[in-house]
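Undergrad:
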Ligand code: KG4
Ligand code: ZN
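In our numbering, the protein residues as written are 4 to 342.
1. Three or more C-beta pairs under 8 Å: does that hold for the region 86-103 against the region 30-40?
2. Cα separation between residue 330 and residue 191?
3. For residue 200, I'd like the list of residues in its chain whose CB is within less than 8 Å of its CB, leaving aside the five on either flank, ordered along the chain.
4. From which residue to which residue does the alpha helix (DSSP H) around residue 254 run?
5. Would you please state the rounded distance, in angstroms, between the beta carbons of residue 173 and residue 186? I believe it to be under 8 Å.
6. For residue 8, which residues from the same chain have a beta carbon less than 6 Å from its beta carbon, with the 5 sequence-adjacent residues on both sides left out?
7. Indicate, with yes or no, if the ligand ZN has a heavy atom lying under 6 Å from the CB of residue 309.
8. What does the alpha-carbon distance come out to for the pair residue 93 and residue 295?
9. Just mark residue 19 as buried or exposed, buried being the case when its beta carbon has 16 or more other beta carbons within 10 Å.
10. Start and end of the alpha helix (DSSP H) containing residue 234?
11. Should residue 201 be listed as close to the ligand KG4, given that the test is whether its C-beta is under 6 Å from any heavy atom?
12. Just to confirm the assignment, what range does the alpha helix (DSSP H) spanning residue 295 have?
13. Measure the Cβ-Cβ separation of residue 169 and residue 142 and say whether it is below 7 Å.
14. Our contact map puts residue 259 next to residue 149 with C-beta atoms below 8 Å; I'd like the distance itself, whole angstroms only.
15. Taking one C-beta from the region 305-316 and one from the region 54-63 each time, how about it: are there three or more such pairs within less than 8 Å?
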């Protein structure tokens, strides 16, 4: 089978409309991303119906722009990859319907991709030498998953969040602190100005014998702290609250990830998803990996957030090993991986 296939990939699972062209699994020819963040900012979070409408308004333009930037014509496309789970169902359907239409009209195969597998695959694009096995940590606005990855299509879930996703916790705490949306990058920036030891928020589930996470308790902890200080008419040092929150959640995530790598005898950890942009997470994990002689991989900032190139890469490996999906393939809001 020809392994430098031209792939057209589509991602519309949340609030980015993205289309990419790849040659083989790892060479990106174009990767166009139209973000809706400015629209959703007005509401303090993603509004599903608005996201779907925006995808349907922009998808054709983004496809055209990605084709133009790649310098290819549609006739060159040999495979169409699209995120078909998990995500906002209305948003996913726009991408899936577009992908089916292109695959059908060109007479080329279609492959559905799990968004989480796409996030991990972003690292394959950036590190040509990277291949499984490794421990994968996917942390985004919708997901927190620790996985043992033993092949390009072999994933065992070790742990997941029991409530809020890590990015969701960042966004909710930022809202409590009146910082705006999305909150992750804002808290990340404030960390440097604050004292991370100022408020001793609980390190939830850290000592427990599980790889699962829980972030809703600390969000309530932040809310209670802010309300108590207000009642006492004490000034709230937002940067101290933000830094203490970030310190406590990142410590838990780092320790559990290292614990999983050591227990599973893995010498590589791969970080992925929007929260992989977090400076403390990258630095703390880097230091712990050096101590334990584990290699750490994380994507550049552009490849942390949602993009279609990562979906094309994951789709390539899935198609090569498992073959295509049917044209009646469905979209699903949930993952096999759960939340
Ligand atoms: O992967 P992504 O773009 O979308 C989902 O699939 O959810 O992730 C978006 C999430 C948001 O919750 C955002 O606040 C968070 O990633 N995020 C960060 C940082 N940059 C983005 N969280 C912490 N620190 C950051 N620097
Ligand atoms: Zn994502």
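Ideal Cβ positions, reconstructed from N, Cα and C, are used throughout, including at glycine. Just so it is clear, the structure is predicted and the values come from calculations on it, not from any experiment.
TA: Answer, in terms of the structure:
1. no
2. Taking the first residue of the chain shown as 1, we reach residue 330 at position 327. Taking the first residue of the chain shown as 1, we reach residue 191 at position 188. If you take the alpha carbons of residue 330 and residue 191, they lie about 42 Å apart.
3. Taking the first residue of the chain shown as 1, we reach residue 200 at position 197. Result list for residue 200: 247, 250, in chain order.
4. Taking the chain shown and counting its residues from 1, one reaches residue 254 at position 251. First-last of the alpha helix (DSSP H) with residue 254: 241-266.
5. Indexing the chain shown from 1 puts residue 173 at position 170. Indexing the chain shown from 1 puts residue 186 at position 183. Between residue 186 and residue 173 the Cβ distance is about 5 Å, and since that is below 8 Å, they are a contact.
6. Taking the first residue of the chain shown as position 1, residue 8 is located at position 5. Cβ within range, chain order: 81, 82.
7. Looking up residue 309 in the chain shown gives position 306. Under cutoff, so the answer is yes.
8. As a working note, residue 93 is residue 90 in the chain shown. As a working note, residue 295 is residue 292 in the chain shown. Computed Cα separation, rounded: 44 Å.
9. For the purposes of this step, residue 19 is taken as residue 16 along the chain shown, with counting starting at 1. When all chains shown are included, residue 19 counts as buried.
10. One-based indexing of the chain shown puts residue 234 at position 231. Its alpha helix (DSSP H) spans residues 219-234.
11. The residue you call residue 201 lines up with position 198 of the chain shown. No, the Cβ of residue 201 stays beyond 6 Å of every heavy atom of the ligand KG4.
12. As a first step, residue 295 is located in the chain shown; it is residue number 292 there, counting from the start. 282-295 is the extent of the alpha helix (DSSP H) around residue 295.
13. Residue mapping note: residue 169 aligns to position 166 of the chain shown, counting from 1. Residue mapping note: residue 142 aligns to position 139 of the chain shown, counting from 1. Yes, the pair counts as a contact, with Cβ atoms nearer than the cut-off.
14. What you label residue 259 is simply residue 256 of the chain shown in a count that begins at 1. What you label residue 149 is simply residue 146 of the chain shown in a count that begins at 1. Going by Cβ atoms, the distance from residue 259 to residue 149 rounds to 6 Å, so yes, they are a contact pair.
15. no
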